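Asks:
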Amino acid sequence: MTVPDILQYLNILKTSSSIRLTQLVTIFVAVCLTGAGLVHLLENSGDFFKGFINPHRITYADSVYFVLVTMSTVGYGDIYCTTLCGRLFMIFFILFGLAMFASYVPEIADLIGNRQKYGGEYKGEHGKKHIVVCGHITYDSVSHFLQDFLHEDRDDVDVEVVFLHRVVPDLELEGLFKRHFTKVEFFTGTVMDSLDLSRVKIGDADACLVLANKYSTNPDAEDAANIMRVISIKNYSSDIRVIVQLMQYHNKAYLLNIPSWDWRRGDDVICLAELKLGFIAQSCLAPGFSTMMANLFAMRSFKTSPHTPLWLNDYLRGAGMEMYTESLSPAFVNMSFPEAANLLFNRLGLLLLAIELKDEENKECNIAINPGPNIVIQPQTQGFFIAQSADEVKRAFFWCKQCHDDIKDVSMIKKCKCKNSRASEVLQQFQPQQGQMGGPMGHLGQQVQLRMINQQRYVGKVAEIGGK
C-alpha cells in the first residue's frame, strides 16, 4: 500500500490533482532517499573485490545532497564517489534519475502552480453577497456578462461574481479577470463535483447562473449538459436559486422533473429560441417592439452633447433607459396606482410600469402591469421603473411629502430624517427576504435574471408583456 492510498483511506486526499501530486512527490522522494542510501552504503563499505580496504567516509546527508545535485545535472564536484562500486552505481542511477527528474519536476511544478492560482476556495467577506457562474465560459460570454452586470448604472449592487470552469483561462480571459479583480474570481473545477461546489461556497451564494453556448452546433446536447449541471447543483443545495439558459423550448420540460426545482422560489429558465421567436411574433403585432425592449434591457450610459443633433440626443436618451425595481416609500401608501404613477412621473421623473402584488395566503407574488385605480399601494410595495440609473430610482424609496414637497431639483431628493423615513427603515429591516418574482433571494434576484438575459442580447419573458 502506497502513501497516496493511505491518505485516500483517511479522507485526506480528495481531488485528482492532490492525489497525482502526492504520487509524484512520494516517488521522487523515495528514489532520492533510496539512491542516497545505496551511495552511502557502497562508499562507506569500499570495493568488495578489494576486500573492503578502501572505504570513503561520507554521511547520509552528504549522500542525499550528492544525489540531488547529480540528478539536477548541476554537479558541483565538492562531493563525489571514490570507490569503483559507487561510480558504477552512479552511472546507471544518472540515466534513470535524470529521466525521472526531467519528467516529474515540471509536472509537480505545474500542479503546484495551478493549484495555488485557481485551485483554492472562495473566501468571501462576511455579509457580502456572491453569485456563481458556470457553463459556457469564454472570453466573449464573460465580457458581455460583466459589461452588463458591473455596469456603472448598477453601482448600488455590491456582489462578487465567482466563475467555475474546468479549463484554465487563456491569457485574454485571464486579463479580463485581472481588470475586474475586485469583483470577480475564477476557480478551476466543475459543478458535477461536490468538492468543487463546496470550494465556491455555492450553498451561501445568492444565485447560480448556467450559461449556454448559443453558437452550439448541437443544441440538444448543449441543453442536456446544462440540465445535468442544474441537477448536480440542486442535489448539493436544494435551496440555491438557479437560472439556466437553454437552446430549445421542448427541453424546458425536463427541469420540472427535478424535485427541488421551484419556479415560485425563483428558479428560472431562459430559452433563447423562445425569446427570439417571441420577439419576431410580437414585432409583427407591434412594430418596433423588439427594438424598444432591447434598448430597455441593454445597459448603456447616456450623456448629452451640444455637438449632437437634437433627434440623436433624444434617441440616445431613450436607449439609455433601463428597467429597475425599488420599494416605494411610505408616502405612496394608500395611493391608487394611477395616482402614484402620476406623482412619480411629474415630480420625480420616473416612469412606473408595474407593481408587485403579494398573496399572503398562497405566499406568492404576482406582477401587475398598469393595474388601474382599483389597486392601492401597500407598505413595502416593489415597483418596476424605467430610468437612466439605479440612483434615479432611489428617489421613489426616499420620497417624503413632508420633507421633499418643495424641492424643485429632483437630484436633491435624498434620505431624510423624519419619522416616515425611520419607519421605512424599520420595515425594510424586518421585511422577509422575498424576490420580486417570488424568489428567496431578495432584491438581487430579479436583477441577476435580467442581466443574464441581456448577456445573450435578449430579454426574458418580455414578449408576454408586449402581448398585453
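In full-length UniProt numbering, the protein residues as written are 1 to 468.
For glycine and all other residues, C-beta sits at the position ideal for the given N, C-alpha and C.
The model shown is predicted, which means the values in this text are computed figures rather than measured ones.
Going by the DSSP bridge assignment, what does T188 pair with across the sheet?
Replies: Indexing the sequence shown from 1 puts residue 188 at position 188. Partner(s): H165.
Asks: Given a cut-off of 8 angstroms on the beta-carbon distance, is the pair L255 and V230 in contact?
Replies: Here residue 255 is taken as the residue at index 255 of the sequence shown, counted from 1. Here residue 230 is taken as the residue at index 230 of the sequence shown, counted from 1. For L255 and V230, yes; Cβs fall inside 8 angstroms.
Asks: Counting C-beta neighbours from all protein chains within 10 Å, is the total for I369 16 or more, i.e. buried, or is it exposed?
Replies: By one-based count along the sequence shown, residue 369 stands at place 369. Its Cβ having fewer than 16 others within 10 Å, I369 is exposed.
Asks: Grab me the residues of H56's own chain with a C-beta within less than 8 angstroms of its C-beta, minus the 5 sequence neighbours each way, in chain order.
Replies: In the sequence shown, residue 56 corresponds to position 56, counting from 1. For H56, where only same-chain residues beyond five positions count, the Cβ hits under 8 angstroms are E43, N44, G46, C81, T82, T83, G86.
Asks: Give the straight-line distance between the Cα atoms of P219 and I270, rounded to the nearest whole angstrom.
Replies: For the purposes of this step, residue 219 is taken as the residue at position 219 of the sequence shown. For the purposes of this step, residue 270 is taken as the residue at position 270 of the sequence shown. P219 and I270: Cα-Cα distance of roughly 14 angstroms.
Asks: Report all residues from its chain with a CB closer than 6 angstroms to the CB of Q431; omit the five preceding and five following residues, and keep chain order.
Replies: Position 431 of the sequence shown holds residue 431. Confidence in Q431 is poor, its pLDDT being 46 and thus under 50, which makes the residue's placement too unreliable to answer from.
Asks: My understanding is that K303 touches W261, with C-beta atoms under 8 angstroms, so please give their C-beta distance in whole angstroms.
Replies: As a first step, residue 303 is located in the sequence shown; it is residue number 303 there, counting from the start. As a first step, residue 261 is located in the sequence shown; it is residue number 261 there, counting from the start. Wrong, their Cβ atoms sit about 43 angstroms apart, outside the cutoff.
Asks: On the premise that I131 lies in contact with V159, defined as a C-beta separation below 8 angstroms, what is that separation, rounded to the nearest angstrom?
Replies: For the purposes of this step, residue 159 is identified with residue 159 of the sequence shown, where counting begins at 1. For the purposes of this step, residue 131 is identified with residue 131 of the sequence shown, where counting begins at 1. The Cβ separation is near 6 angstroms, so the contact holds.
Asks: Determine the closest residue to F385 out of R395, Q245, F279, with distance taken between C-alpha atoms.
Replies: Sequence index remark: in the sequence shown, residue 385 carries index 385 (1-based). Cα-wise, what sits closest to F385 is R395.
Asks: What does DSSP give as the partner residues of N366 in its beta bridges?
Replies: Here residue 366 refers to the residue found at position 366 when the sequence shown is read from its first residue. N366 is bridged to L357.
Asks: Whole angstroms are fine: how far does the CA of A390 sit from the CA of M292?
Replies: For this step, residue 292 is matched to residue 292 along the sequence shown. For this step, residue 390 is matched to residue 390 along the sequence shown. The straight-line gap from Cα to Cα measures roughly 19 angstroms.
Asks: The alpha helix (DSSP H) spanning Y215 covers which residue range?
Replies: Reading the sequence shown from its first residue, position 215 is the one you call residue 215. Where Y215 is concerned, there is no enclosing alpha helix (DSSP H), given that its DSSP letter is neither H nor E.
Asks: Can you grab the Cα-Cα spacing for the pair L352 / D204, in whole Å?
Replies: As a working note, residue 352 is residue 352 in the sequence shown. As a working note, residue 204 is residue 204 in the sequence shown. Roughly 33 angstroms between the two C-alpha positions.
Asks: Near T70, what residues of its chain come up, given a Cβ to Cβ distance below 8 angstroms and the 5 sequence neighbours on each side ignored?
Replies: For this step, residue 70 is matched to residue 70 along the sequence shown. Around T70: M90, F93, I94, G97.
Asks: Tell me whether the region 108-127 and the region 196-203 touch, counting them as touching only if at least three CB pairs, one residue from each stretch, are closer than 8 angstroms.
Replies: Yes, the region 108-127 is in contact with the region 196-203.
Asks: Measure the alpha-carbon distance for A319 versus L21 and round it to whole angstroms.
Replies: Numbered from 1 along the sequence shown, position 319 holds the residue referred to as residue 319. Numbered from 1 along the sequence shown, position 21 holds the residue referred to as residue 21. Answer to the nearest angstrom: the Cα atoms are 54 angstroms apart.
Asks: Taking the beta carbon of L171 as the centre, do at least 16 other beta carbons fall within 10 Å, making it buried, or is it exposed?
Replies: Locating residue 171 in the sequence shown gives position 171, counting from the first residue. Under this definition L171 is an exposed residue.
Asks: With distance defined between alpha-carbon atoms, name the residue in V162, I19, L350 nearest to E107.
Replies: For the purposes of this step, residue 107 is taken as residue 107 along the sequence shown, with counting starting at 1. Per the Cα distances, I19.
Asks: From the DSSP output, in three-state form, read off G35 for me.
Replies: Mapped onto the sequence shown, residue 35 falls at position 35. DSSP places G35 in helix when its eight states are reduced to three.
Asks: Just grab the DSSP bridge partners of A387 for me.
Replies: For the purposes of this step, residue 387 is taken as the residue at position 387 of the sequence shown. Bridge partners of A387: E322.
Asks: Count the other CB atoms, across all protein chains shown, that sit within 10 Å of the CB of Y324; report buried if there are 16 or more and exposed otherwise.
Replies: In the sequence shown, counting from the first residue as 1, residue 324 sits at position 324. Buried, because 16 or more other Cβ atoms sit within 10 Å of the Cβ of Y324.
Asks: What three-state label does DSSP hand M441 in the structure shown?
Replies: As a first step, residue 441 is located in the sequence shown; it is residue number 441 there, counting from the start. Annotation note: pLDDT 37 at M441 (below 50); position unreliable, coordinate value reported separately. If DSSP states are grouped into helix, strand and coil, M441 belongs with coil.
Asks: Using the Cα positions of S63 and Q8, report the straight-line distance between them to the nearest angstrom.
Replies: For the purposes of this step, residue 63 is taken as the residue at position 63 of the sequence shown. For the purposes of this step, residue 8 is taken as the residue at position 8 of the sequence shown. Distance between the alpha carbons of S63 and Q8 is about 32 angstroms.
Asks: Going by C-alpha distance, which of L211, E152, A30 is nearest F163?
Replies: Locating residue 163 in the sequence shown gives position 163, counting from the first residue. F163 has its Cα closest to that of L211, out of L211, E152, A30.
Asks: In terms of alpha-carbon separation, which member of P338, Q282, N334 lies closest to Q378?
Replies: Reading the sequence shown from its first residue, position 378 is the one you call residue 378. Here the closest residue by C-alpha is N334.
Asks: Which term fits N226, buried or exposed, when burial requires 16 or more other beta carbons within 10 angstroms of its beta carbon?
Replies: If you number the sequence shown from 1, residue 226 lands on position 226. Buried: at least 16 other Cβ atoms inside 10 Å.
Asks: To test your reading of the DSSP string, which unbroken alpha helix (DSSP H) runs of 4 or more residues are found completely within the region 92-180?
Replies: Counting only runs of 4 or more, we get 139-149, 171-179.
Asks: From the DSSP output, in three-state form, read off D268 for me.
Replies: As a first step, residue 268 is located in the sequence shown; it is residue number 268 there, counting from the start. Three-state result, D268: strand.
Asks: Report the three-state DSSP secondary structure of Q380 (helix, strand or coil).
Replies: For the purposes of this step, residue 380 is taken as residue 380 along the sequence shown, with counting starting at 1. In the structure shown, Q380 sits in coil (DSSP, three-state: anything other than H, G, I, E or B).
Asks: Taking just the CA atoms, how far does F332 sit from G189?
Replies: Locating residue 189 in the sequence shown gives position 189, where the first residue counts as 1. Locating residue 332 in the sequence shown gives position 332, where the first residue counts as 1. Cα-Cα distance, rounded: 49 angstroms.
Asks: With DSSP as the reference, please indicate the residues paired to L351 in a beta bridge.
Replies: Your numbering for residue 351 matches position 351 in the sequence shown. I386.
Asks: Let me know the secondary structure DSSP gives V200 once reduced to three states.
Replies: Taking the sequence shown and counting its residues from 1, the one referred to as residue 200 is at position 200. Three-state result, V200: coil.
Asks: Are T34 and V3 close, meaning C-beta to C-beta below 8 angstroms?
Replies: The sequence position of residue 34 within the sequence shown is 34, counting from 1. The sequence position of residue 3 within the sequence shown is 3, counting from 1. It is not a contact, given that the beta carbons lie outside the stated cut-off.
Asks: Can you give the Cα-Cα distance for L310 and P371, rounded to whole angstroms?
Replies: Locating residue 310 in the sequence shown gives position 310, where the first residue counts as 1. Locating residue 371 in the sequence shown gives position 371, where the first residue counts as 1. When rounded, the distance between both Cα atoms is 34 angstroms.
Asks: To which residues of the same chain is T15 closer than 7 angstroms at the C-beta, ignoring the five residues directly before and after it?
Replies: As a working mapping, residue 15 is identified with position 15 in the sequence shown. Cβ within range, chain order: L195.
Asks: So, are the CB atoms of L350 and A387 less than 8 angstroms apart?
Replies: Your numbering for residue 350 matches position 350 in the sequence shown. Your numbering for residue 387 matches position 387 in the sequence shown. The answer is yes: Cβ separation under 8 angstroms.
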